[in-house]
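Participant: So the sequence shown is numbered by my numbering: it starts at 817 and just counts up by one.
Glycine included, each C-beta is placed from N, C-alpha and C at the ideal position.
Below is the structure I would like to discuss, written out as C-alpha cells.
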Amino acid sequence: DFDHDGRRDVWNSVPDVLASIANYLHHFHWTFKAPVYADIGHELKAPALVAAYKKGRKGLISRQQVLKLQQVNIPPSPHNGLLTIVGLELPDNGMRYVAGYPNFQAITKWNNSNRYAMAVSELAQRLIAPK
Numbered sequence: 817d818f819d820h821d822g823r824r825d826v827w828n829s830v831p832d833v834l835a836s837i838a839n840y841l842h843h844f845h846w847t848f849k850a851p852v853y854a855d856i857g858h859e860l861k862a863p864a865l866v867a868a869y870k871k872g873r874k875g876l877i878s879r880q881q882v883l884k885l886q887q888v889n890i891p892p893s894p895h896n897g898l899l900t901i902v903g904l905e906l907p908d909n910g911m912r913y914v915a916g917y918p919n920f921q922a923i924t925k926w927n928n929s930n931r932y933a934m935a936v937s938e939l940a941q942r943l944i945a946p947k
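Structure (C-alpha cells):
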C-alpha cells in the first residue's frame with residue numbers, strides 16, 4: 817500500500833504498481849544504479865563464450881573472462897556477479913551479443929524473455945537520458 821490509501825491496488829494505483837515491481841526486483845537481488853547489460857559485439861570470439869551463450873541464462877561467466885576472451889571493456893559487476901551471454905537477432909540476420917548482468921537476470925525472473933529484458937532496460941535508459 818505505497819499510496820497509503822488502506823489497500824494494495826496493483827490495478828488502479830500507479831504508486832502501488834511501482835512499489836510492487838520494486839519489491840519483486842529487490843527479491844531477485846536488483847542492485848540500484850548497477851548495469852543491466854553491456855554490448856559485447858556482433859560475434860563471439862571464443863569457444864567459452866559460445867558455450868555460455870548456448871546454455872542460455874544458465875551459462876554464467878565471469879566479467880574477467882568476457883574482458884579477456886571478447887576483448888571488450890565493460891563495467892564491473894556488483895559483488896563480482898556472474899554474467900549471462902545473450903544473443904539478439906538483428907533485422908539483417910546478424911547478431912547483437914550482450915553480457916547480461918545480475919540486474920538483467922532479475923528482469924528475466926519477472927518475464928522470462930531476453931527481448932523483454934532488453935526492451936525494459938533500453939526504455940529505462942531513454943527515459944533517464946539527458947534531453
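Report all residues from its chain with a CB closer than 8 Å to the CB of Ala864; omit the five preceding and five following residues, and keep chain order.
Facilitator: For Ala864, where only same-chain residues beyond five positions count, the Cβ hits under 8 Å are Ile877, Gln881 and Leu885.
Participant: Could you tell me the alpha carbon to alpha carbon distance between Ala854 and Val902, rounded to whole angstroms?
Facilitator: Rounded to whole angstroms, Ala854 to Val902 spans 10 Å at the Cα level.
Participant: Quick one: what's got a C-beta closer than 8 Å to Arg931's C-beta in the same chain, skipping five residues either side?
Facilitator: Taken in chain order, the residues that qualify are Leu904.
Participant: Check this for me: beta carbons of Ala922 and His845, under 8 Å apart or not?
Facilitator: Their beta carbons are under 8 Å apart, which means Ala922 touches His845 by this criterion.
Participant: Tyr913: which of Lys947, Val830, Ala868 and Pro831 sits nearest, CA to CA?
Facilitator: Of the candidates Lys947, Val830, Ala868 and Pro831, the one whose C-alpha sits nearest the C-alpha of Tyr913 is Ala868.
Participant: For Ala935, is the classification buried or exposed, using 16 other Cβ atoms within 10 angstroms of its Cβ as the cut-off for buried?
Facilitator: That one is exposed.
Participant: Look up Thr900 in the DSSP assignment and say whether it is helix, strand or coil.
Facilitator: In this structure, Thr900 counts as strand in the three-state DSSP scheme.
Participant: Could you give the DSSP three-state label for Tyr917: helix, strand or coil?
Facilitator: Here Tyr917 sits in coil by DSSP.
Participant: How would you call Gly916, buried or exposed, if buried means at least 16 neighbouring beta carbons within 10 angstroms?
Facilitator: Result: buried.
Participant: Please work out which residues of its chain come closer than 7 Å, Cβ to Cβ, to Gly897, disregarding the five sequence neighbours upstream and downstream, and give them in chain order.
Facilitator: Correct list, in chain order: Tyr917 and Pro918.
Participant: Quick one: grab the DSSP three-state call for Leu860.
Facilitator: Reduced to three states, the DSSP call for Leu860 is coil.
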